[in-house]
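334 is the number of the first residue of the sequence shown in my numbering; add one for each residue after it.
Glycine included, C-beta positions come from ideal geometry on N, C-alpha and C.
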Amino acid sequence: TAEDVAWSFETLVSQGNPQYRFYYSAVSSAEALDAARVRFTFRESNNRELPLIVGQLPILPKHYWATRDFGATTLDPPLGSGPYQIREFEAGRFTIRERVEDYWGLGLAVRRGMQNFQTIRTDFFRDATPIRLALKAGDIDFRLENQAKAWAEDYNVSVVDKGWLKKELVANRRPT
334 TAEDVAWSFE TLVSQGNPQY RFYYSAVSSA EALDAARVRF TFRESNNREL PLIVGQLPIL
394 PKHYWATRDF GATTLDPPLG SGPYQIREFE AGRFTIRERV EDYWGLGLAV RRGMQNFQTI
454 RTDFFRDATP IRLALKAGDI DFRLENQAKA WAEDYNVSVV DKGWLKKELV ANRRPT
């Protein structure tokens, strides 16, 4: 709702991570005009990027937070408005997200071909060695390697030769 949008802006700027205060510093206020419209007032008029920046605002459900302390640390998965919800997690180890079947944005043209997975599991690794081993063992599907030595030496393995693991160089077009 528009009230959720205005509340999200005010709450994130005043109580959220300091990055929100900085990122939205050129926005002076958000006002719910009715159930479906919000007016954002900008501090400056010459920044044409501000509407795009405001469009990145995470929208939180006000009713959910009405009985909770927004600033408190918690391991309760929050209610979200995205295409997936947290089904299971273990702090610092993994999350399992499940697709929301009645997700409000599923029919939008910009969402076509997206959210095709019923379940997404994300495993967290504390350092690079175990994640490389998991990739070579087939336990994970993707690894973005950013260490040249590891790229050159750690992936000369049979799974690459068999084509089960694809090693691909992506040019970043930046001088070193």
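Closest by C-alpha distance to residue i, when choosing among the options
{"i": "P394", "options": "A483, S341, F475, A467", "result": "S341"}
{"i": "A399", "options": "T344, G438, R370, I419", "result": "T344"}
{"i": "A369", "options": "S414, F403, R506, E336", "result": "E336"}
{"i": "P374", "options": "V360, R465, A483, T462", "result": "Reading the sequence as shown, one finds Thr at residue 374 and not Pro. It is V360 whose Cα lies nearest to the Cα of T374."}
{"i": "S491", "options": "N479, K469, V503", "result": "K469"}
{"i": "R426", "options": "R420, F457, A442", "result": "F457"}
{"i": "N479", "options": "F355, Y397, K500, S378", "result": "K500"}
{"i": "T455", "options": "I473, E377, L441", "result": "I473"}
{"i": "Q451", "options": "L441, R420, A467", "result": "R420"}
{"i": "A461", "options": "L477, F355, G471", "result": "L477"}
{"i": "L502", "options": "A485, G496, K495", "result": "A485"}
{"i": "K495", "options": "R465, A405, G471", "result": "G471"}
{"i": "V387", "options": "R459, S362, T428", "result": "S362"}
{"i": "T334", "options": "I392, A467, F355, R465", "result": "I392"}
First through last residue of the alpha helix (DSSP H) which encompasses residue i
{"i": "Q348", "result": "335 to 348"}
{"i": "V490", "result": "No alpha helix (DSSP H) contains V490, which DSSP labels as neither H nor E."}
{"i": "Y353", "result": "351 to 356"}
Nonlocal neighbours in the same chain, by C-beta distance under 6 angstroms from residue i, ignoring five residues either side
{"i": "L366", "result": "R372"}
{"i": "L498", "result": "V492"}
{"i": "Y397", "result": "L412"}
{"i": "F422", "result": "T428"}
{"i": "R376", "result": "A359, S361"}
Residue i versus residue j - alpha carbon distance
{"i": "L487", "j": "Y357", "result": "According to the sequence as given, residue 487 is Asp; it is not Leu. Spanning the two alpha carbons is a distance of roughly 43 angstroms."}
{"i": "P410", "j": "P508", "result": "42 angstroms"}
{"i": "S414", "j": "N489", "result": "43 angstroms"}
{"i": "N350", "j": "F403", "result": "11 angstroms"}
{"i": "P384", "j": "Q348", "result": "22 angstroms"}
{"i": "K482", "j": "P463", "result": "16 angstroms"}
{"i": "A405", "j": "A504", "result": "43 angstroms"}
{"i": "N379", "j": "E364", "result": "21 angstroms"}
{"i": "E382", "j": "F355", "result": "15 angstroms"}
{"i": "R571", "j": "R506", "result": "No information on residue 571 is available, as it lies outside the stretch 334 to 509 that the chain covers here."}
Residues of its chain near residue i, where Cβ-Cβ distance is below 7 angstroms and the 5 sequence neighbours each way are ignored
{"i": "Q418", "result": "R430, E431, V433"}
Sequence-distant residues of its chain with Cβ nearer than 8 angstroms to residue i (five each side left out)
{"i": "L390", "result": "V338, S341, F342, L345, Y357"}
{"i": "P416", "result": "R432, V433, Y436, G438, L439, R444, M447, Q448"}
{"i": "A424", "result": "L408"}
{"i": "Y353", "result": "L345, V346"}
Min CB distance residue i to chain D below 9 angstroms
{"i": "D402", "result": "Although the question refers to chain D, the structure presented lacks it and comprises just one protein chain."}
Limits of the unbroken beta strand (DSSP E) element including residue i
{"i": "R370", "result": "Counting along the chain, R370 falls outside any beta strand (DSSP E), and DSSP gives it neither H nor E."}
Any non-hydrogen atom of the ligand FMN within 8 angstroms of residue i CB
{"i": "D409", "result": "Inclusion of the ligand FMN in the displayed structure is not the case, the ligand content being empty and no account of it being possible."}
Problem set entry | Inside the stretch 387 to 459 only - beta strand (DSSP E) runs reaching at least 3 residues | For the stretch 387 to 459, the full-length beta strand (DSSP E) segments reaching 3 residues or more read 417 to 423, 427 to 432, 452 to 456 along the chain.
For this session: At 4 residues or longer, and completely inside the stretch 459 to 488: list those alpha helix (DSSP H) runs for me, N to C.
Result: Correct list: 461 to 470, 481 to 486.
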